[in-house]
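S.K.: Using full-length UniProt numbering, read the sequence shown as starting at 1 and increasing by one per residue. Take a look at the following structure, please.
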Amino acid sequence: MHTERRWLKHYPAQVASSYEYPNDNMAHYLVQSAHKYPNKDAIYFMGKTMTYAQLLDASYRFAHVLQGLGINKGDRIALMLPNCPQAVISYYGALHIGAVVVQTNPMYTERELEYQLMDSGAETIVTLDQLHHKVIKVQSKTRIKHLLVTSIKDYLPFPINLLYPIKAKKEGSDLSVTYNSSVISYKKALHAASNQPLFVKIDAKNDLALLQYTGGTTGLSKGVMLTHHNMNANTIQIVKWVYKLKEAEEVFIGVLPTFHVFGMTVFMNQAVMTAGLMVLIPKFDAEAILKAISKQKGTLFPGAPTMYIGLINHPRIKEYDLSSIKACVSGAAALPLEVQEKFEELTGGKLIEGYGLTECSPVTHVNPIWEERRNGTIGIPLPDTDAKVVDSDTGEEMPVGQIGELVIRGPQVMIGYWNRADETAKTLRDGWLYTGDMATMDEDGYFTIVDRKKDMIIAGGFNIYPREVEEVLYQHPAVKEVVIVGIPDAYRGETVKAYIVLREGAAVTDKELNAWCRERLAAFKVPRSYEFRDSLPKTLVGKVLRRKLLEEELQKSQSS
């Protein structure tokens with residue numbers, strides 16, 4: 001065996017090195033929890049609760065709605081929703097009938113939305129009243145036949161449900177919807193549908209649960225094909241790792257979006273599998289999270305480093321009781337040590353760092369929570385997960401402590417990229433997934449991410465691919481050359497900076513470029529700063545030296 005799985009000796013006594021993964025539909029766990037704990041609260045959303053029996057009932061109704069629209073096993077259904085009850089209902093409802101969920105970021109621009117809908121071939125989308133205009137604008141360029149339109153107010157308690165439209169209008173949201181044969185009211189459709197149990201038999205190892213889009217270094221995002229088995233395995237791996245979890249007793253604070261695979265697995269699926277309470281928070285707001293932990297007695301709060309930074313710097317954090325927190329798994333970017341220590345001091349809970357990628361459902365590595373963690377590392381591989389550090393070209397394993405590419409093998413690894421056999425062959429080789437991340441492994445099997453082979457930027461937990469931002473800026477008539485660099489940022493982890501060389505005689509301001517990008521890119525991808533230059537540093541073959549620009553940036557910050 002390659003590295004003799006040297007990490008196993010650091011496993012907690014309560015965690016086995018291998019587990020059985022049932023051949024089940026992911027929706028089976030909702031059925032199980034609802035049958036065992038029908039009257040237990042499953043969802044808390046802005047003051048209103050929903051029990052497991054009610055959640056299961058709604059998911060069956062949604063499954064019948066989809067069947068009525070002619071959706072069958074294997075058909076793709078797009079969900080373009082923030083964290084709200086409908087996001088959970090629609091996810092499990094679609095899985096009941098073997099449909100494939102395509103999670104769609106509500107922040108997408110029309111260009112990004114059109115591409116994803118076309119690529120996935122989705123014919124149905126569930127979205128909010130305030131977002132549906134965006135879908136209608138691109139509908140003719142996609143295969144979308146049905147828009148199921150819902151509203152945040154549908155699941156709010158009285159009288160907030162009456163006040164919500166007034167507040168939304170004040171904030172400039174257009175909630176008007178013209179319903180017709182293709183624009184359908186989600187609320188009415190569910191109300192009229194049957195709530196009879198509905199199961200479509202699936203083959204967990206081969207049938208897709210998800211087409212989860214991940215950015216590509218080419219600028220075009222790729223659909224990662226995740227099966228029911230992949231999702232099942234990763235959720236069980238996480239549940240077993242957090243072994244102090246008590247069934248039907250935990251309260252999960254959900255601000256990580258469920259449209260992101262990290263939020264989907266570590267928040268939603270883990271909560272449902274263990275019959276926990278999901279406290280749904282639609283967008284990051286430090287005050288709302290502190291209130292939720294304090295009032296709902298939150299026990300698990302998975303997040304990204306920016307979220308923990310936001311909380312520990314909140315001026316009134318001391319006024320909230322955060323002592324219910326047991327454990328938090330941080331992912332999506334490196335976790336600064338001082339953030340970890342301060343958060344643990346304030347809550348008394350554990351905050352540990354892990355690692356994953358969309359292609360792995362997503363979690364592969366995590367530090368032991370209550371045992372020996374090594375700060376600065378991503379920890380050790382989960383049960384049934386193999387990892388090694390190899391020479392990217394030859395695939396040969398590197399000696400302990402030496403830098404190479406991190407490769408992974410395990411039940412959570414995707415079966416490939418949707419309609420992209422070439423990309424799949426490059427990424428999956430001899431049963432190993434090549435992550436594109438450069439890492440080292442120490443003598444005990446703890447891994448550390450050193451750098452990204454891909455030039456991906458992670459800002460506030462979101463993945464940003466420089467090439468995509470560059471392509472948008474290259475379309476501007478004044479831009480001759482552009483390079484996008486992720487520069488260190490105390491709050492977001494990294495932030496996007498554009499270096500630009502203008503065409504001769506052309507003139508453009510930061511403001512104009514900003515407006516140009518905002519029309520074409522989701523807000524989190526838009527550069528935060530622009531630097532105009534006469535030329536860019538390049539290699540002899542003309543490749544821009546991104547690293548050189550980053551070094552200059554680091555020198556500037558050190559000397560300031």
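Ideal Cβ placement from N, Cα and C applies to all residues, glycine included. Computed from a predicted model, the values in this text were never measured in an experiment.
Answer with buried or exposed for N105, where buried requires no fewer than 16 other C-beta atoms within 10 angstroms of its C-beta.
M.R.: Taking the first residue of the sequence shown as position 1, residue 105 is located at position 105. Looking at its Cβ environment, which holds 16 or more other Cβ atoms inside 10 Å, N105 is buried.
S.K.: Mind checking which residues open and close the beta strand (DSSP E) that includes D57?
M.R.: Indexing the sequence shown from 1 puts residue 57 at position 57. Taken as a continuous stretch (DSSP letters only), D57 belongs to no beta strand (DSSP E), being part of the alpha helix (DSSP H) at Y52 to G68.
S.K.: Please confirm whether D129 and V65 have their CB atoms less than 7 Å apart.
M.R.: Reading the sequence shown from its first residue, position 129 is the one you call residue 129. Reading the sequence shown from its first residue, position 65 is the one you call residue 65. Not a contact, by the Cβ cut-off of 7 Å.
S.K.: Rounded to a whole number of angstroms, what is the C-alpha to C-alpha distance between I184 and L148?
M.R.: Indexing the sequence shown from 1 puts residue 184 at position 184. Indexing the sequence shown from 1 puts residue 148 at position 148. Roughly 5 Å between the two C-alpha positions.
S.K.: How is L8 classed by DSSP in three states: helix, strand or coil?
M.R.: Position 8 of the sequence shown, counted from the start, is the residue given in the question as residue 8. DSSP places L8 in helix when its eight states are reduced to three.
S.K.: Can we say the region 108-122 touches the region 262-276, given the rule of at least three CB pairs closer than 8 Å?
M.R.: With the cut-off at 8 Å, the region 108-122 and the region 262-276 do not touch.
S.K.: Can you grab the Cα-Cα spacing for the pair R518 / E512, in whole Å?
M.R.: In the sequence shown, counting from the first residue as 1, residue 518 sits at position 518. In the sequence shown, counting from the first residue as 1, residue 512 sits at position 512. Going from the Cα of R518 to the Cα of E512 covers about 10 Å.
S.K.: Could you pull the start and end residues of the alpha helix (DSSP H) that M307 belongs to?
M.R.: For the purposes of this step, residue 307 is taken as residue 307 along the sequence shown, with counting starting at 1. It spans P305 to I312 - the alpha helix (DSSP H) in which M307 sits, taken as one unbroken run.
S.K.: Any contact of the region 298-305 with the region 313-329, i.e. 3+ C-beta pairs under 8 Å?
M.R.: Short answer: they touch.
S.K.: Am I right that R143 and A168 are in contact with their C-beta atoms under 8 Å? What's the rounded C-beta distance?
M.R.: Translated into the one-based positions of the sequence shown, residue 143 becomes position 143. Translated into the one-based positions of the sequence shown, residue 168 becomes position 168. That belief does not hold up - the Cβ atoms of R143 and A168 are roughly 30 Å apart, past 8 Å.
S.K.: Apart from the five residues just before and just after residue 642, which ones in its own chain have a Cβ nearer than 6 Å to its Cβ?
M.R.: Residue 642 is absent from the structure shown; the chain starts at 1 and stops at 560.
S.K.: Within the continuous beta strand (DSSP E) that includes P488, where are the two ends?
M.R.: To locate residue 488, count along the sequence shown from 1; it is residue 488. Element bounds for P488: V479 to D489.
S.K.: Give me the residue from N232, E468 and L554 with the minimum Cα distance to R520.
M.R.: As a working note, residue 520 is residue 520 in the sequence shown. Closest by alpha carbon: E468.
S.K.: To the nearest angstrom, how far is it from the Cα of G216 to the Cα of V482?
M.R.: In the sequence shown, counting from the first residue as 1, residue 216 sits at position 216. In the sequence shown, counting from the first residue as 1, residue 482 sits at position 482. With a pLDDT of 47 at G216, under the threshold of 50, the predicted position of this residue should be treated as unreliable, and no value is reported.
S.K.: Measuring CB to CB, does V200 end up less than 7 Å from G74?
M.R.: One-based indexing of the sequence shown puts residue 200 at position 200. One-based indexing of the sequence shown puts residue 74 at position 74. It is not a contact, given that the beta carbons lie outside the stated cut-off.
S.K.: Run through the region 131-174 for me and flag every whole alpha helix (DSSP H) of 4 or more residues, listed as ranges in chain order.
M.R.: List check, alpha helix (DSSP H) in window: 132-139 and 160-170.
S.K.: Could you check if N83 is buried or exposed, using at least 16 other CB atoms within 10 Å of its CB as the buried criterion?
M.R.: Taking the sequence shown and counting its residues from 1, the one referred to as residue 83 is at position 83. Buried: at least 16 other Cβ atoms inside 10 Å.
S.K.: Alpha helix (DSSP H) containing R409: first to last residue?
M.R.: Position 409 of the sequence shown, counting from 1, holds the residue named residue 409. Premise fails: R409 lies in the beta strand (DSSP E), G404 to R409, not in any alpha helix (DSSP H).
S.K.: Please confirm whether Y108 and V101 have their CB atoms less than 7 Å apart.
M.R.: Here the question's residue 108 lines up with position 108 in the sequence shown. Here the question's residue 101 lines up with position 101 in the sequence shown. Not in contact: Y108 and V101 (Cβ atoms no closer than 7 Å).
S.K.: Going by beta carbon distance, what residues of the same chain come within less than 6 Å of T218, once the five residues before and after it are set aside?
M.R.: Numbered from its first residue, the sequence shown carries residue 218 at position 218. Residue placement at T218 is poorly supported in this model, since its pLDDT is 46, which falls under 50; the coordinates still yield a value, given next. Within the same chain, T218 has no close Cβ partners at all.
S.K.: In chain order, what residues of the same chain lie with their CB nearer than 6 Å to the CB of G445, ignoring the 5 residues before and after it?
M.R.: On the sequence shown, position 445 is the one that residue 445 refers to. Taken in chain order, the residues that qualify are R6, W7 and I380.
S.K.: For K188, report the span of its alpha helix (DSSP H) as first-last.
M.R.: For this step, residue 188 is matched to residue 188 along the sequence shown. Taken as a continuous stretch (DSSP letters only), the alpha helix (DSSP H) holding K188 covers Y186 to A192.
S.K.: For E512, name the three-state secondary structure that DSSP assigns.
M.R.: Taking the sequence shown and counting its residues from 1, the one referred to as residue 512 is at position 512. Here E512 sits in helix by DSSP.
S.K.: Just to check, is the beta-carbon of F343 closer than 6 Å to a non-hydrogen atom of the ligand MN?
M.R.: Judged by which ligands are present, the structure shown has none, so any question about the ligand MN falls away.
S.K.: Just mark V86 as buried or exposed, buried being the case when its beta carbon has 16 or more other beta carbons within 10 Å.
M.R.: What you label residue 86 is simply residue 86 of the sequence shown in a count that begins at 1. For the record, residue 86 in the displayed sequence is Gln; it is not Val. So Q86 ends up on the buried side.
S.K.: Which residues in the same chain have their Cβ closer than 7 Å to the Cβ of S182, if we skip the five residues on either side of it in sequence?
M.R.: Locating residue 182 in the sequence shown gives position 182, where the first residue counts as 1. Excluding residues within five positions, the ones whose Cβ falls inside 7 Å are K145, H146 and L147.
S.K.: Which residue wins for smallest C-alpha separation from E371, given the options K188, Q103, T150 and K244?
M.R.: One-based indexing of the sequence shown puts residue 371 at position 371. Per the Cα distances, K244.
S.K.: For T385, which of helix, strand or coil comes out of DSSP?
M.R.: Numbered from 1 along the sequence shown, position 385 holds the residue referred to as residue 385. Correct three-state label for T385: coil.
S.K.: If you measure between the beta carbons of A53 and A34, is that distance less than 7 Å?
M.R.: On the sequence shown, residue 53 is found 53 positions in, with the first residue counted as 1. On the sequence shown, residue 34 is found 34 positions in, with the first residue counted as 1. Yes; because the gap between Cβ atoms is below 7 Å, this pair is in contact.
S.K.: Take M1 and list the residues in its own chain whose beta-carbon comes closer than 7 Å to its own, dropping the five residues that flank it on each side.
M.R.: Sequence index remark: in the sequence shown, residue 1 carries index 1 (1-based). In this prediction, M1 has a pLDDT of 40, which is less than 50 and means its spatial position is unreliable; what the coordinates show is noted afterwards. Same-chain partners within the cutoff: there are none.
S.K.: My guess is that Q270 and I293 are in contact by the Cβ rule of under 8 Å, so how many angstroms apart are they, rounded?
M.R.: Counting from 1 along the sequence shown, the entry for residue 270 is found at position 270. Counting from 1 along the sequence shown, the entry for residue 293 is found at position 293. Actually they are not in contact, since the Cβ atoms of Q270 and I293 sit about 17 Å apart, beyond 8 Å.
S.K.: Would DSSP call A271 helix, strand or coil?
M.R.: The residue labelled residue 271 in the question sits at position 271 within the sequence shown. Of the three classes helix, strand and coil, the one that applies to A271 here is helix, per DSSP.
S.K.: Among residues of its own chain, excluding the 5 on either side of L502, which ones have a beta-carbon nearer than 8 Å to its beta-carbon?
M.R.: If you number the sequence shown from 1, residue 502 lands on position 502. For L502, where only same-chain residues beyond five positions count, the Cβ hits under 8 Å are A478, V479, K480, V508 and F532.
S.K.: Under the assumption that A498 contacts P527 (Cβ atoms under 8 Å), give the Cβ distance between them as a whole number of angstroms.
M.R.: Working through the sequence shown from its first residue, we reach residue 498 at position 498. Working through the sequence shown from its first residue, we reach residue 527 at position 527. Their Cβ separation, rounded to whole angstroms, is 4 Å, which keeps A498 and P527 in contact under 8 Å.
S.K.: For a quick check, are the C-beta atoms of I309 and Y434 less than 7 Å apart?
M.R.: On the sequence shown, residue 309 is found 309 positions in, with the first residue counted as 1. On the sequence shown, residue 434 is found 434 positions in, with the first residue counted as 1. No, they are not a contact pair.
S.K.: Is the distance from the Cβ of K222 to the Cβ of R429 below 7 Å?
M.R.: In the sequence shown, counting from the first residue as 1, residue 222 sits at position 222. In the sequence shown, counting from the first residue as 1, residue 429 sits at position 429. Not a contact, by the Cβ cut-off of 7 Å.
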